[in-house]
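S.K.: Dropping a structure here in structure tokens format, bear with me for questions.
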Amino acid sequence: MSKSVVSLSFAVPLELSIQMNVYMETKGLNRSQLIKAALRLFLEIQKKKEDIPVKLEEIHQELLNIKKIVSKKA
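This note's numbering puts the first residue of the sequence shown at 76, with every later residue one more than the last.
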């Protein structure tokens with residue numbers, strides 16, 4: 076698998092920067108690993124958000140099927 080390099084530069088509040096440094100020290104991570112983990116988590120959350128409309132459509136179809144069955148029996 077080919078790899079590409081992404082360079083990010085961003086500013087964060089001092090308190091958040093301190094929390095990030097403490098977290099990295101306790102977990103034994105470097106800044107690059109922390110950014111990769113955060114990006115993976117962000118992408119997982121985005122994927123779940125994309126799945127919600129699909130699941131809602133599936134539920135809607137099931138409800139329509141149930142409605143048809145009930146109306147046929149009535």
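Even for Gly, the Cβ is constructed at its ideal location relative to N, Cα and C.
Because the structure is a prediction, the values reported are computed rather than measured.
Can you list, in chain order, the residues of its chain whose CB lies under 7 angstroms from that of N96, leaving out five sequence neighbours each side?
M.R.: For the purposes of this step, residue 96 is identified with residue 21 of the sequence shown, where counting begins at 1. Closer than 7 angstroms at Cβ, skipping near neighbours: no residue.
S.K.: Please report how far the alpha carbon of L91 lies from the alpha carbon of Y98, in whole angstroms.
M.R.: Numbered from its first residue, the sequence shown carries residue 91 at position 16. Numbered from its first residue, the sequence shown carries residue 98 at position 23. Looking at the two C-alpha atoms, the distance is approximately 10 angstroms.
S.K.: Relative to the C-alpha of L109, which residue among L139, N140, Q94 is closest?
M.R.: Counting from one through the sequence shown, the residue named residue 109 turns up at place 34. Ranking L139, N140, Q94 by Cα distance to L109 puts Q94 first.
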